[in-house]
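**Q** Residue numbers for the sequence shown follow the UniProt record's numbering, so the first one is 1 and each next one is one higher. Even for Gly, the Cβ is constructed at its ideal location relative to N, Cα and C. Since this is a predicted model, take the numbers as computed values, not measurements. One structure, pasted below without further comment.
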Amino acid sequence: MDFDIRRLEPFYQLSRPRGASAAASLNLDHLTMFQYFVPFKAFRLRQWAVFFSTTGNIVASMVSPALQNPSVRFVTNPDPKCTDQGCPGPDSEEKHYWVRISPVWSRLLSASYLFVAIVLVVLFLQLRRKSGLLSDPKGIAGIASMATKSHILQDFSGLDTAHSGKIHKRLAHRRYVLYKSSIWQGEWSATSEPPQDSERKLTSPHPLMLRTEAALPFLAFMGFCLISVPIITLTKARVVPNAVPWLPIVVATALKQFFSTFESDVRLMEPFYQLSRGNAKPENSLTLDYQATVYGIMPFKALFNKHYLLTLVGVASVMLDILTVTVSSFSVNSEDFMHIGSHGEDRSDGDETFVSFWASLILSLVILVYVIFTTCLVYLRRRHPFLPREPSTIAAVLAFIYSSNMLTDFIDTERLNNKAMETRLKNIGKRYALGWFKGRDGQIHCAIDEEPMRSKYVHGKPYTMAQAVPLGPHDTFYAV
């Protein structure tokens, strides 16, 4: 729910009576940011649906699980006569174990649940806003269908290889309106809003988590987690999870949140990566939208599409959810489970048994090793830029298609849902790519268009220096 709210917020902003500035709509990116920073950006832009949604999601996914573990404690009866079978005495109702609820932690847990419930009520009211959409805009095709009835594409002339900062400067003085799933030019303003993102993000062709400078600290953090698991369970450092039982859950949840941003970036880039390879089917490129795919379904969808790297990433994301559960088993006296003696498998320490403790420990290590392996593989295959800019905003995509010949295929498609759009494009029978094409204006552009393309895009090189595909008998190189 939170992801869809962030994904659709630019369209809600565009559908306001006076529309919205480009900084708050066409150039808006809530998806590739760290989730912890999104509420601050949404508050600054007064986008309350995103603010409440992300705040509630952080509390529900990180704060509440961390508060739950210390709220319930299992205490052993201090009477030495008590055993697992009970306490001696014909009228004794004493038990060997007691379950105690911590007043402070349980109240905090209840408060977090109440906060999430209030956020849901606010969101139900916020989502009654007018969206201006006739269908769910998924993928590149969904954005292209919104640009065929207006003159908005004129604003993107010459921006095919521009970075996001240059696009923002071009659009900064114009407001834009969404009406019946078509984006229209609004009023011109002498003032302009500053960009909401850093200069590094505006000029980078890659999302943050796929850049080399993010790879080392991210992998180092995962390596730290992997090393810490046996240390806090099998050494004297076991006092740490016993003293602060919420700490392992907070760390595991933080790792999950960081990986969710990483996964979102991989999902975002996959359709464009398929287009950069050339000769892509529409169902694997233009209508493909892994970001809008339901969590848990994405690995199966990627496997069906033979996108195996994305399948590994999706499975790793699900496994990290399991990790947040297994690390909650570490707040026990693991020394009782170190050696197998007579009836060793029957030993227990409060809420954990010998089998459950070792199963949680081994499963945690396996999950972390798998996630580190998958992350390294992604950086090995996807760290190299293959686009002139990060395609995380509506404007970044429109700059790729403003002069594309394929736009005629999207006339009168603004009412089609993603499945109907996919069927339409498959029936047309064209293949698509991202590279250098001869546009509708007769000039060469770096664009997303129908095959054949003149040359593949090589990052940092103009058309004349790009690696060209074999030419046909009547084709010639375009000279500048």
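(1) Between the region 238–257 and the region 412–423, are three or more C-beta pairs nearer than 8 Å?
(2) Does the distance from the CB of A22 to the CB of I401 come in under 8 Å?
(3) Per DSSP, what kind of secondary structure is R16 in: helix, strand or coil?
(4) In the DSSP assignment, what are the bridge partners of Q185?
(5) Pick helix, strand or coil for W105, following the three-state DSSP scheme.
(6) Would P207 pass as a contact of T32 if the rule is Cβ separation under 8 Å?
(7) Among T287, Y273, L320 and H151, which residue has its Cα nearest to the Cα of H307?
(8) Return helix, strand or coil for L387, following the three-state DSSP convention.
(9) Taking the C-alpha atoms as reference points, what is the distance between V59 and V294?
(10) Under the three-state reduction of DSSP, which class applies to T233: helix, strand or coil?
(11) Measuring only the C-alpha atoms, how far is L67 from T413?
(12) Do R46 and H30 have their beta-carbon atoms positioned less than 8 Å apart in this structure?
(13) Would you tell me roughly how many angstroms separate the C-alpha atoms of K430 and P282, rounded to the nearest one?
(14) Give the range of the beta strand (DSSP E) segment to which E450 is assigned.
(15) Ignore the nearest five residues each way along the sequence and tell me which others in W188's own chain have a CB closer than 7 Å to its CB.
(16) Quick one: what does DSSP say K419 is sitting in, helix, strand or coil?
(17) Who are V72's beta bridge partners in DSSP?
(18) Leaving out five residues on either side along the sequence, give the residues of the same chain with a beta carbon under 6 Å from the beta carbon of A215.
(19) Report the rounded CA-to-CA distance for residue 481 versus L377, giving the unit in angstroms.
(20) Tell whether a beta-carbon distance below 8 Å holds between G296 and V327.
(21) Are there 16 or more other CB atoms within 10 angstroms of the CB of D289, so buried, or fewer, so exposed?
(22) Please determine, among P205, Y179 and E9, the residue with the shortest C-alpha to C-alpha distance to R128.
(23) Of the residues L125, L120, V72 and A399, which one's Cα is nearest the Cα of V104?
**A** Quick look at the numbers:
(1) no
(2) no
(3) coil
(4) Y176
(5) helix
(6) yes
(7) Y273
(8) coil
(9) 21 Å
(10) helix
(11) 49 Å
(12) no
(13) 8 Å
(14) I444 to E450
(15) H173 and R174
(16) helix
(17) I101
(18) Y379
(19) There is no way to answer for residue 481, as the model of the chain reaches only from 1 to 480.
(20) no
(21) buried
(22) E9
(23) V72
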